[in-house]
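Enquirer: Below: one structure in structure tokens.
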Amino acid sequence: MRNRQSWLERLGLIGFSLWLLWSVCGAQNPPYRPNLMWHIAAGYGQYPTSFTEDGEYLLTQQVNASYGLVQVYQVSALLNPSTPLGHALVSYDYSTFHTSFTDRDETGKEYVVGFSGSTVRMWRWVRDPLAFRGGYLEAPKQWGISGWVSTFTQRINVYPVAMVLRGERTDRRYNRLAVSGDGNGNLRIVLLDYNATVQTPVVVSGAHGGAITALTYDPQNRLLITGGRDGLIRVWQVALAADGTPSLTPVQTIAAHWSDVVSLALAQVGNTRYLVSMSLNQELAGWSWPNPSPTPLWHRVVESGGAWGDVGEVRQFLHNGTPYGDWEWVILEWLRPIYFDAAGLSGTIWLIDPATGKDVYRYIGVGINYARFYRAMIVSPPISGVRYLVGMINQSWSDRGVAAPGSGGLWRIQNLARVQQMATASASVTAMDSLSSGGVRYLAVGYANGELRVYRNTGSGWNPWDSSTTLHPNKQIVGVRLISQSGGIFTLSADVEGALAVAQHTGSVTPKLSTSSGLTAAQALALGSDSTSALVAVAGQKDGVPRVEVLRLVAQRRA
């Protein structure tokens with residue numbers, strides 16, 4: 007009897023376990039997808055496309071057109087170091103569309119919207135506390151919209167000319183709006199309806215005198231900004247009637263560039279906002295916003311993308327990293343191929359100050375695709391008061407003879423200081439070195455006229471500390487190294503004629519050593535050490551013959 011009861015108890019326990027497993031798995035995933043407790047991210051390049059408005063979920067897009075995926079990650083799980091690998095991936099679906107989250111609409115619903123040609127696809131993003139990591143994508147709905155255009159092609163590069171409008175916090179119907187610009191200069195705006203059988207846009211004919219080539223949106227003022235092949239930037243007031251009919255009213259036209267406007271970006275520094283534009287001839291221009299004057303605040307030409315490809319090929323793309331234009335930097339993505347294949351691309355990310363146009367930070371060796379819908383790096387909304395950079399995930403194609411670069415991950419954004427002009431000089435900078443000691447930062451700068459300066463930052467910005475013109479009088483400094491020893495700050499410097507100097511810096515300069523490297527012409531300086539003392543290497547020439555001299559630097563001892 008006891009054995010029979012024990013057997014029944016075990017059977018009941020097994021039955022309960024099976025019911026519990028079925029309940030959990032069934033709650034985690036809608037019926038059209040496999041019931042998985044968690045997912046492993048798919049391979050190939052995964053580009054970040056967007057965050058939900060609260061930053062809790064991140065959408066990525068697979069670049070390969072043959073088997074593209076959209077994938078949703080839970081950001082709080084990604085940021086939690088105890089989350090096992092793969093367990094932050096919440097949901098995925100197949101798609102070759104270019105996708106983005108929407109912000110919540112007037113009913114609180116969120117969607118993922120995808121564009122491909124004249125086709126629009128929508129998934130409903132469902133937040134469900136019983137689902138794995140709290141959410142899943144429903145099966146998508148799809149419509150063809152007559153005249154709708156998603157991209158235009160400039161040489162081999164593909165640029166987006168369709169977007170969803172995000173950022174509305176008052177009348178959240180606006181978060182269901184999408185716009186598109188076509189090759190004839192016409193704009194289309196549509197209020198997407200997930201339950202409709204047909205999506206019918208409002209058409210604004212002749213918005214530009216040629217193809218529409220760039221779009222961005224200002225949700226604070228409900229202003230759409232468009233750029234065209236005619237070199238114009240046009241500003242449009244977006245409105246929604248009570249019955250849901252959208253409209254675009256022209257507000258301003260700026261004769262911005264001599265060639266196509268290929269990208270536009272908004273940015274905000276403190277309470278000051280800027281619009282930055284980029285043209286086909288690789289010119290950047292900065293404008294005040296939201297009331298730009300006809301004359302830009304600044305303009306500059308960015309450097310070429312390299313020798314590979316056609317002369318007129320544009321390899322840069324400009325954006326703010328967010329759909330709201332509220333970050334303080336503008337991101338410039340710069341494509342540089344490392345061999346002739348779309349899989350083997352290497353790029354550089356520039357962070358540009360929208361107030362001055364200066365590129366302040368560079369991230370090198372990230373994968374950037376020809377299709378500018380795919381962003382190598384985007385920026386999160388504030389998450390518990392902190393913003394994050396998120397970069398693409400890329401595998402290494404070692405089987406194809408290239409180690410493809412990748413920048414997958416989330417990086418906390420902090421201390422991205424703006425450019426500070428520390429001083430002016432009558433000669434160009436020819437050597438620099440930096441050092442941090444005792445919580446104080448130092449920067450040594452050598453100049454072409456032989457002047458050596460040391461700048462100091464105690465936490466409130468950089469200021470000149472001391473300088474000397476007598477260590478290398480009228481001789482170009484080719485190398486300088488900062489040294490911290492016994493609480494003191496020293497510099498080792500070399501000039502173009504091979505002379506070496508050691509000096510102590512205390513707010514005034516005290517020469518400690520002056521000697522010759524043995525070279526008749528010097529070009530570079532290096533500092534190292536062995537087990538007993540410091541070693542100094544100076545490269546250059548001696549009597550016209552290339553040579554490297556290595557000297558031992560021994561500290562002087564007091565008797």
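Be aware that the sequence shown starts at 7, since it is given in the numbering used here, and climbs by one per residue. The beta-carbon is built from N, C-alpha and C at its ideal position, and this holds for glycine as well.
1) For VAL81, does the three-state DSSP call read helix, strand or coil?
2) How would you write the range of the beta strand (DSSP E) that PHE323 sits in, first residue to last?
3) Mark ASP347 as exposed unless 16 or more other C-beta atoms lie within 10 angstroms of its C-beta, in which case mark it buried.
4) From the DSSP secondary-structure annotation, give me the bridge partner or partners of GLN274.
5) Specify the secondary structure class of GLY114 as computed by DSSP and reduced to three states.
6) First and last residue of the beta strand (DSSP E) that includes GLY216?
7) Across the region 167-181 and the region 143-158, are there enough close Cβ pairs to call them in contact, namely three or more that are closer than 8 Å?
8) Do three or more CB pairs link the region 128-148 to the region 300-310 at distances below 8 Å?
9) Sort out for me which residues DSSP pairs ALA500 with in a bridge.
10) Figure out for me which residue from TYR394, ILE218, VAL282, LEU557 has the closest Cα to the Cα of ARG235.
11) On the premise that ILE389 lies in contact with VAL81, defined as a C-beta separation below 8 Å, what is that separation, rounded to the nearest angstrom?
12) ILE260 lies in the beta strand (DSSP E); which residues open and close that run?
13) Across which residues does DSSP place ILE355 in a beta bridge pair?
14) Can you tell me which residues form a DSSP beta bridge with HIS511?
15) Any beta carbon from chain D within less than 9 Å of ARG393's own beta carbon?
16) With DSSP as the reference, label ARG182 as helix, strand or coil.
17) For TYR330 and PHE121, I'd like the C-alpha separation in whole angstroms.
18) Below 8 Å, how does it come out for the region 469-481 and the region 521-533: are there three or more Cβ pairs, yes or no?
19) Buried or exposed: where does THR232 fall if 16 or more other Cβ atoms within 10 Å of its Cβ makes it buried?
20) First and last residue of the beta strand (DSSP E) that includes TRP149?
21) Checking the sheet assignment: what are the DSSP bridge partners for ILE231?
22) Using a Cβ-Cβ cut-off of 7 Å (strictly less than) and excluding sequence neighbours within five positions of ARG418, which residues of its own chain qualify?
23) Taking the alpha-carbon of TYR223 as reference, which of ARG172, TYR200, SER539 has the nearest alpha-carbon?
24) State buried or exposed for TYR38, treating a residue as buried only when at least 16 other CB atoms are found within 10 Å of its CB.
25) Thinking C-alpha only, which one of LEU525, GLY494, GLU503, VAL502 is nearest SER514?
26) Which residue's Cα is closest to the Cα of THR66: ILE384, ALA245, TRP333?
27) Specify the secondary structure class of PHE103 as computed by DSSP and reduced to three states.
28) When DSSP labels each residue in this structure, what does GLY74 get in the three-state scheme?
29) Throw me the rounded Cβ distance for the SER101 and LEU75 pair, which I believe falls under 8 Å.
30) Express the C-alpha separation of LEU416 and LEU533 in angstroms, rounding to a whole number.
31) Given this structure, state the Cα-to-Cα distance separating ALA220 from GLN491, to the nearest angstrom.
32) Can you check which of these residues, ALA83, THR328, ARG182, is closest to MET128 by C-alpha distance?
33) Distance, Cα to Cα, VAL210 vs LEU85?
34) So, are the CB atoms of ARG487 and LEU525 less than 9 Å apart?
35) For GLY504 and ALA527, which I take to be in contact (beta-carbon distance under 8 Å), what is that distance rounded to the nearest angstrom?
36) Taking VAL336 and VAL282 to be in contact with their CB atoms under 8 Å, please state how far apart those CB atoms are, rounded to whole angstroms.
Expert: On the basis of the supplied data:
1) Walking along the sequence shown from the start, residue 81 turns up at place 75. Helix at VAL81.
2) For the purposes of this step, residue 323 is taken as residue 317 along the sequence shown, with counting starting at 1. It spans 322-325 - the beta strand (DSSP E) in which PHE323 sits, taken as one unbroken run.
3) Position 341 of the sequence shown, counted from the start, is the residue given in the question as residue 347. Legend: pLDDT at ASP347 = 40, less than 50; position of this residue unreliable, value from coordinates given subsequently. So ASP347 ends up on the exposed side.
4) Residue numbering aside, residue 274 sits at position 268 when the sequence shown is read from its first letter. Bridge partners of GLN274: ARG279.
5) Residue numbering aside, residue 114 sits at position 108 when the sequence shown is read from its first letter. In the structure shown, GLY114 sits in coil (DSSP, three-state: anything other than H, G, I, E or B).
6) Translated into the one-based positions of the sequence shown, residue 216 becomes position 210. Run containing GLY216: none; DSSP gives neither H nor E here.
7) yes
8) no
9) Here residue 500 corresponds to residue number 494 of the sequence shown, with the count starting at 1. ALA500 pairs with GLY485, LEU506.
10) Position 229 of the sequence shown, counted from the start, is the residue given in the question as residue 235. Nearest C-alpha to ARG235: ILE218.
11) The count along the sequence shown starts at 1 and reaches residue 81 at position 75. The count along the sequence shown starts at 1 and reaches residue 389 at position 383. Their Cβ separation, rounded to whole angstroms, is 7 Å, which keeps VAL81 and ILE389 in contact under 8 Å.
12) The sequence position of residue 260 within the sequence shown is 254, counting from 1. Taken as a continuous stretch (DSSP letters only), the beta strand (DSSP E) holding ILE260 covers 252-261.
13) Walking along the sequence shown from the start, residue 355 turns up at place 349. Paired residues: GLU339, TYR369.
14) Here residue 511 refers to the residue found at position 505 when the sequence shown is read from its first residue. Looking at the DSSP assignment, HIS511 forms a beta bridge with ILE495, VAL515.
15) In the displayed structure, chain D is absent; only one protein chain is listed.
16) Locating residue 182 in the sequence shown gives position 176, counting from the first residue. Here ARG182 sits in helix by DSSP.
17) What you label residue 330 is simply residue 324 of the sequence shown in a count that begins at 1. What you label residue 121 is simply residue 115 of the sequence shown in a count that begins at 1. The straight-line gap from Cα to Cα measures roughly 20 Å.
18) no
19) Your numbering for residue 232 matches position 226 in the sequence shown. When all chains shown are included, THR232 counts as buried.
20) Taking the sequence shown and counting its residues from 1, one reaches residue 149 at position 143. Start and end: 147-150.
21) In the sequence shown, residue 231 corresponds to position 225, counting from 1. DSSP lists THR222, VAL241 as partners of ILE231.
22) Stepping through the sequence shown from its first residue, residue 418 is reached at position 412. Excluding positions up to five away in sequence, the list reads VAL392, TYR394.
23) Numbered from 1 along the sequence shown, position 217 holds the residue referred to as residue 223. Out of ARG172, TYR200, SER539, ARG172 has the C-alpha closest to the C-alpha of TYR223.
24) On the sequence shown, residue 38 is found 32 positions in, with the first residue counted as 1. Reliability fails at TYR38, whose pLDDT of 44 lies under 50, so the model's placement of it is uncertain and the value that follows must be treated cautiously. Result: exposed.
25) For the purposes of this step, residue 514 is taken as residue 508 along the sequence shown, with counting starting at 1. SER514 has its Cα closest to that of GLY494, out of LEU525, GLY494, GLU503, VAL502.
26) In the sequence shown, counting from the first residue as 1, residue 66 sits at position 60. Out of ILE384, ALA245, TRP333, ILE384 has the C-alpha closest to the C-alpha of THR66.
27) For the purposes of this step, residue 103 is identified with residue 97 of the sequence shown, where counting begins at 1. Here PHE103 sits in coil by DSSP.
28) As a working mapping, residue 74 is identified with position 68 in the sequence shown. Coil, per DSSP.
29) As a working note, residue 101 is residue 95 in the sequence shown. As a working note, residue 75 is residue 69 in the sequence shown. Right, the Cβ-Cβ distance comes to about 7 Å (below 8 Å), so this counts as a contact.
30) Residue mapping note: residue 533 aligns to position 527 of the sequence shown, counting from 1. Residue mapping note: residue 416 aligns to position 410 of the sequence shown, counting from 1. Distance between the alpha carbons of LEU533 and LEU416: 35 Å.
31) Indexing the sequence shown from 1 puts residue 220 at position 214. Indexing the sequence shown from 1 puts residue 491 at position 485. The alpha-carbon atoms of ALA220 and GLN491 are separated by roughly 56 Å.
32) One-based indexing of the sequence shown puts residue 128 at position 122. Of the candidates ALA83, THR328, ARG182, the one whose C-alpha sits nearest the C-alpha of MET128 is ARG182.
33) On the sequence shown, residue 210 is found 204 positions in, with the first residue counted as 1. On the sequence shown, residue 85 is found 79 positions in, with the first residue counted as 1. If I take the Cα positions, the gap works out to 44 Å.
34) Counting from one through the sequence shown, the residue named residue 487 turns up at place 481. Counting from one through the sequence shown, the residue named residue 525 turns up at place 519. No, the pair does not count as a contact, with Cβ atoms beyond the cut-off.
35) Numbered from 1 along the sequence shown, position 498 holds the residue referred to as residue 504. Numbered from 1 along the sequence shown, position 521 holds the residue referred to as residue 527. Indeed they touch by this definition, with Cβ atoms about 7 Å apart.
36) Mapped onto the sequence shown, residue 336 falls at position 330. Mapped onto the sequence shown, residue 282 falls at position 276. So it is a contact: roughly 5 Å between Cβ atoms.
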